[in-house]
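Sequence order for the protein chains is A and B. Using the numbering used here, count along the first sequence one by one with no gaps and you end on 180. Using the numbering used here, count along the second sequence one by one with no gaps and you end on 533. Each residue gets a CB set at the ideal place from its N, CA and C atoms; glycine is no exception. Computed from a prediction, not measured in an experiment: that's the story for all the values here.
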Amino acid sequence: MQCDNCGQRPAVFHTTTVVNGQKQEAHLCEVCAHEKGQASFTFPNLSIQQLLSSFLGQDPFVVGARTAPQQQAEPTCKNCGTTYSQFADGGRLGCAQCYDHLEMYLNPLIKRIQGTTVHAGKAPKRTGGIVRKKRELASLRQDLQGAIQGENYEEAARLRDQIKQIESQIQAGGDGSGME
Amino acid sequence: MAWNKLVSQPASKWTDATGPHAEVVLSSRIRLARNVTNLPFPHQMNEAQAEELIRQVETGVREINLVGLSSRVELFKLADTPALDRQVLVEKHLISPQQAQQARGKAVAISEDESISIMVNEEDHLRIQCLAPGLQLKQTWRTASLVDDALEQKLNYAFHAQKGYLTSCPTNVGTGLRASVMIHLPGLVLTQQAGGLFHRLSQLGLVVRGLYGEGTDAAGHIFQISNQTSLGKAEEEIIEHLEAVVLKVVEAEKQARLHLHGEMPLQVEDRLGRAYGILSSARVITSEEAMKLLSDVRLGIEMGLFPRLSHRTLNELMIAMQPAFLQKAEGRELNPLDRDAKRATLIRTRLAS
Ligand SMILES: [Zn+2]
Ligand SMILES: [Zn+2]
């Protein structure tokens, strides 16, 4: 089934609205449904639950259901047993490890709510040194890819050395310094 | 004892109205959501796990008291406290309504001057809150971060290299930060600029809520402005953005007040004078009506109409006139009419003194 709105992408959100006693069905793609959900942003008083359910494709003023991304087994946190649909209903995760076990499903949601999935702020002092180095490493690896693609081999060699150096620092347990 | 003072005195650090721009910004608040590893999030905890976390926080509080803050922090288990007392803390925004209703396994650590409160086992394991009068978000953030550092000595925070601090709801993940100001905007509401302004704020990634009631009809014209997202930007950046926008709002509010007073001095002074008149002679008053009229009186103080009154008096009244606070002061439960009568008496006496 194609999206009612754009007719281009497959419809994944199926909603039923009641307007003046008339039942209206809508079938929207991810993108159009999201834009529809965005409209509720201008209501400053939505609760977190309403906010979440609107992001999950259940507009607070609409009765609807989201097609499960896959019709197979329900995604579940291996640590606490929280399922994705339990989270979608209550708006709460069960434990810190849910972020890993449900990552595939949470990442798109976090991206939509927060606009990104990458933290750029404070880190605990205890893990701070290593975390910082890991972030540095990720960005250096990206630079390296760019240098190789641009056939800039001198730069690539320099970056490779830098990466090796940081990797060995992480191996050694990080110095934990330099955090603010 | 500290608890008795906490539930019987309306005055605290923020009510003294000493901060920058206190004529428009009532208070600045920083909230950090934190969780520990190896325990499920609060709504999944059993009683033993909840108690275990409270024990850990108790040792963390000792660390806080070693970092040289001006005020001592003390932890209270909410299950040991009377329901009415908890309601008073809700009215003071020191604990959440949810914590007041289900007190088992919940605790709060509060500093003597009430500028710091750490809710334990609320939606997240910890909700660190710091509060200051006027617009001082940066300073308040520094205090919150210091408290956070001290707690971290004893608590093993759930932190993800990519996603940051992990929270029970993904709307708070990353920094776990909600920075907010409580702001009085009668000028913008009366000149009908508030709706447009709130819309623009939402486009700037900020959220506006009515503090008592919703929309621009919020009783008392008091609103809360806060950041919408918690991930992807450093705390300082989120706070600087909010502070820069709030400064513009403060400027616009001052302009609107000047404009109102300049264009229609008679009508404005009449309205504010009538508000004072009702408050100083009413025998029965609901908290909603009182909030509205106190908003006018607050504006009148700014316009120099009530030289004997201070923002501090009004801030304390706003706390003391709440239902639980009135009943606590009276030492018994009151029916709504008695409450409205006590409220009217309280306001009359405070305005006269
Ligand atoms: Zn579409
Ligand atoms: Zn889990």
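Own chain, CB closer than 8 Å to Leu144 (chain A), minus 5 neighbours either side, in chain order: Cβ neighbours of Leu144 (chain A) within its own chain (closer than 8 Å, five residues either side excluded): Ala156, Leu159, Arg160, Ile163.
His119 (chain A) at chain B interface by Cβ criterion, 7 Å: For His119 (chain A), the answer is yes, since a Cβ of chain B falls inside 7 Å of its Cβ.
Endpoints, the alpha helix (DSSP H) within which Val430 (chain B) is located: Val430 (chain B) -> alpha helix (DSSP H) spans 415-443.
Neighbour flag for Ser348 (chain B) against chain A, beta carbons, 7 Å: Chain A, which has a Cβ nearer than 7 Å to the Cβ of Ser348 (chain B), makes this yes.
Continuous beta strand (DSSP E) assignments of at least 3 residues falling wholly in the stretch 239-327 of chain B: Within the stretch 239-327 of chain B, the complete beta strand (DSSP E) runs of at least 3 residues are 253-257, 287-291, 296-300, 306-313.
Cβ-based burial, Gln2 (chain A) [other Cβ within 10 Å; buried from 16]: Burial call: exposed.
Contact residues within the stretch 92-116 of chain A, judged by C-beta distance below 7 Å to chain B: Listed in sequence order: Arg92, Leu93, Gly94, Cys95, Ala96, Tyr99, Leu106, Leu109, Ile110, Ile113, Gln114, Gly115, Thr116.
Cβ separation of Gln316 (chain B) and Ser208 (chain B), assumed to be a contact under 8 Å, to the nearest whole Å: That pair is a contact at about 5 Å.
Member of B:Gly412, B:Gln383, B:Ala414, B:Leu411 whose CA lies at the smallest distance from the CA of Ile405 (chain B): Nearest C-alpha to Ile405 (chain B): B:Gln383.
Cutoff 7 Å: Pro124 (chain A) Cβ touching any chain B Cβ: For Pro124 (chain A), the answer is yes, since a Cβ of chain B falls inside 7 Å of its Cβ.
Proximity to Arg380 (chain B) [Cα-Cα], best of B:Ile481, B:Ala197, B:Val429: Arg380 (chain B) has its Cα closest to that of B:Val429, out of B:Ile481, B:Ala197, B:Val429.
N- and C-terminal bounds of the beta strand (DSSP E) containing His101 (chain A): No beta strand (DSSP E) holds His101 (chain A); the alpha helix (DSSP H) holding it covers 98-101.
Simplified DSSP assignment, three categories, for Met362 (chain B): Met362 (chain B) carries a strand assignment under DSSP once its states are collapsed to helix, strand and coil.
Distance CB(Ala138 (chain A))-CB(Lys413 (chain B)) smaller than 7 Å: No, these two residues do not count as a Cβ contact at 7 Å.
Residues of its chain near Leu386 (chain B), where Cβ-Cβ distance is below 7 Å and the 5 sequence neighbours each way are ignored: For Leu386 (chain B), where only same-chain residues beyond five positions count, the Cβ hits under 7 Å are Ile405, Ser406, Asn407, Gln408, Leu422, Val425.
C-beta contact flag for Cys80 (chain A) and Gly90 (chain A) at 7 Å: No, the Cβ-Cβ distance between Cys80 (chain A) and Gly90 (chain A) is not below 7 Å.
Leu473 (chain B), enclosing beta strand (DSSP E) - first and last residue: The continuous stretches of beta strand (DSSP E) do not include Leu473 (chain B), which lies in the alpha helix (DSSP H) extending over residues 467-482.
The stretch 297-304 of chain B / the stretch 222-241 of chain B touching (three or more Cβ pairs under 8 Å): Contact between the stretch 297-304 of chain B and the stretch 222-241 of chain B is present, because at least three Cβ pairs lie under 8 Å.
Under 7 Å from the C-beta of Thr323 (chain B): neighbouring residues of chain A: Chain A residues near Thr323 (chain B): none, gap ~14 Å exceeds 7 Å.
Option in B:Ile308, B:Asn218, B:Ile296 with minimal Cα separation from Trp194 (chain B): Nearest C-alpha to Trp194 (chain B): B:Ile296.
Beta strand (DSSP E) segment containing Asn407 (chain B), residue limits: Membership of Asn407 (chain B) in the beta strand (DSSP E) is indicated by the continuous run 402-407.
Span separating the alpha-carbon of Gly376 (chain B) from that of Phe403 (chain B): Straight-line Cα distance between these residues: approximately 15 Å.
Beta-carbon contacts of Leu411 (chain B) that lie in its chain and below 6 Å, excluding the five residues immediately before and after: Val353, Gly354, listed in sequence order.
The stretch 217-234 of chain B / the stretch 262-281 of chain B touching (three or more Cβ pairs under 8 Å): Per the Cβ contact rule, the stretch 217-234 of chain B is not in contact with the stretch 262-281 of chain B (fewer than 3 Cβ pairs under 8 Å).
Beta-carbon contacts of Arg528 (chain B) that lie in its chain and below 8 Å, excluding the five residues immediately before and after: Within the same chain, Arg528 (chain B) has close Cβ partners Leu459, Ser460, Ser461, Ala462.
Beta-carbon gap between Arg358 (chain B) and Arg451 (chain B) smaller than 7 Å: Not a contact, by the Cβ cut-off of 7 Å.
With 16 other Cβ atoms within 10 Å as the buried cut-off, status of Pro487 (chain B): Pro487 (chain B) counts as exposed, since fewer than 16 other beta carbons sit within 10 angstroms of its beta carbon.
Stretch-stretch touch, CB-based, cutoff 8 Å, three pairs: the stretch 282-295 of chain B with the stretch 250-260 of chain B: At 8 Å Cβ cutoff, the stretches touch.
Buried/exposed call for Glu443 (chain B), threshold 16 Cβ in 10 Å: Classification of Glu443 (chain B): exposed, given that the 10 Å Cβ count is below 16.
CB of Tyr337 (chain B) within 7 Å of CB of Arg214 (chain B), strictly: Yes, the Cβ-Cβ distance between Tyr337 (chain B) and Arg214 (chain B) is below 7 Å.
Pair within 7 Å by beta-carbon distance, Glu294 (chain B) and Ser188 (chain B): No, the pair does not count as a contact, with Cβ atoms beyond the cut-off.
7 Å Cβ cutoff, Pro69 (chain A) in contact with chain B: At Pro69 (chain A), the pLDDT of 47 sits below 50, so the modelled position is not reliable; the number obtained from the coordinates is stated separately. Using a CB distance cut-off of 7 Å, Pro69 (chain A) does not count as an interface residue toward chain B.
Leu514 (chain B) versus Ala532 (chain B) - alpha carbon distance: Those two C-alpha atoms are separated by around 25 Å.
DSSP-derived helix/strand/coil call for Leu489 (chain B): Assigned with DSSP and collapsed to three states, Leu489 (chain B) falls in coil, not helix or strand.
Contact with chain B by Gln38 (chain A), beta-carbon distance below 7 Å: Per-residue confidence for Gln38 (chain A) stands at a pLDDT of 33, beneath the threshold of 50, marking its modelled position as unreliable; no derived number is given.
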